[in-house]
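Numbering (the working numbering), first residue to last: 1 to 304.
Structure follows, in structure tokens:
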């Protein structure tokens, strides 16, 4: 049978990740696979362990957790022949849901992994993001954002109270105090847009942030990124737009624009407005603008 590396986030899903990890380990072993636990105290250490094991010889890497663990797995296997399995047990699980994978159902997730090992993985696109002009890059498979949603994410990550969604609502309220539309310079396949607005998203899949359907038309195997931005909106209009992101009705708003592209540059535009927030992708911090994004078709081999 297969040699499988397993990485578990024990805190995923408000603490459910540890139990899901045990069930995943036991289930894979019971199916006859040799399982190596590559979990570590930090994501960086787990990434290093997974990369070392991949070089030593694995047949698959399986991650247990939410979008952050999927991001870790993508950064180990993207651009290689090593397939990735996902046992989704986080809070949002936007990436797993988008690919139609089981969520909070370990036996079903393991069955999906098993079918992928037997029948072969499917190839999906992934994106490389790097600081402008630099060689080093990071992979992501979901959505990169650098607007008010990213600012809320960053602020909520620093909060300890209240738990759950209440933390994000409190962070949103804080970010809206003194909010002014950010200044962006956006270049997509050589076309330049310069504007002030609340957000820019560069998406490979269609949802992020626990169910925000930011680019519902996106396809992760079409060789294109879906780029969305909103023009100048004040605080009141941002508040009115946010609920529409969950129903995908924001796409009809006259200040919302979308294009597809293979390469994207996002940079601050000081003449248009304040510096945009630090970018996040797959829910993980990427860094400040300017950033370059390049889609790599078929870069990820996904079990399921």
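Think of the CB as a built atom: it goes at the ideal place given N, C-alpha and C, for glycine as much as any other residue.
Cβ neighbours of residue 79 within its own chain (closer than 6 angstroms, five residues either side excluded): 299. For residue 68, the closest C-alpha among the options 296, 286 and 108 is that of 286. Looking at the DSSP output, residue 138 shares a beta bridge with 129. The closest CA to that of residue 93, considering only 211, 48 and 231, is found on 211. Counting C-beta pairs closer than 8 angstroms gives three or more between the region 192-201 and the region 221-241, which meets the contact rule. The residues 148, 151, 152 and 155, in chain order, have a CB closer than 8 angstroms to that of residue 175 in the same chain once the five nearest residues on each side in sequence are set aside. Assignment of residue 246 by DSSP, reduced to helix, strand and coil, places it in the helix class.
Between residue 169 and residue 32, the alpha-carbon positions lie close to 46 angstroms from each other.
With a cutoff of 8 angstroms on beta-carbon distance, residue 220 and residue 213 are scored as not near each other.
The residue among 111, 186, 47 and 245 with its C-alpha nearest the C-alpha of residue 30 is 111. Under the Cβ criterion (8 angstroms, minimum of three pairs), the region 137-146 does not count as touching the region 236-256.
Rounded to whole angstroms, the Cβ separation of residue 100 and residue 54 is 26 angstroms, and the two are not in contact under 8 angstroms. Comparing C-alpha distances from residue 26 to each of 91, 224, 135 and 107 shows the shortest one belongs to 107. Excluding residues up to 5 positions away in sequence, 261, 262 and 263 lie with their Cβ nearer than 7 angstroms to the Cβ of residue 189 in the same chain. For residue 268, no alpha helix (DSSP H) segment is defined; the enclosing uninterrupted segment is the beta strand (DSSP E) at 263-268. The region 65-135 contains, as complete alpha helix (DSSP H) runs of 4+ residues, the segments 67-77, 94-98 and 106-119 (chain order).
Within the same chain, and ignoring the five residues on either side of residue 98 in sequence, the residues whose Cβ sits closer than 8 angstroms to its Cβ are 142, 205, 206, 207 and 220.
For residue 186, the pairing in a beta bridge is given by DSSP as 193 and 266. Bridge partners of residue 211 according to DSSP: none are assigned.
Put simply, the backbone Cα of residue 184 is about 13 angstroms away from that of residue 292. The shortest CA-to-CA distance from residue 23 to any of 64, 43 and 58 is the one to 64. In chain order, 3, 4, 5, 6, 53 and 58 place their CB closer than 8 angstroms to the CB of residue 36, counting only its own chain and leaving out the 5 sequence neighbours on each side. In this model, residue 61 and residue 131 are separated by some 28 angstroms (Cα to Cα). Assignment of residue 168 by DSSP, reduced to helix, strand and coil, places it in the helix class.
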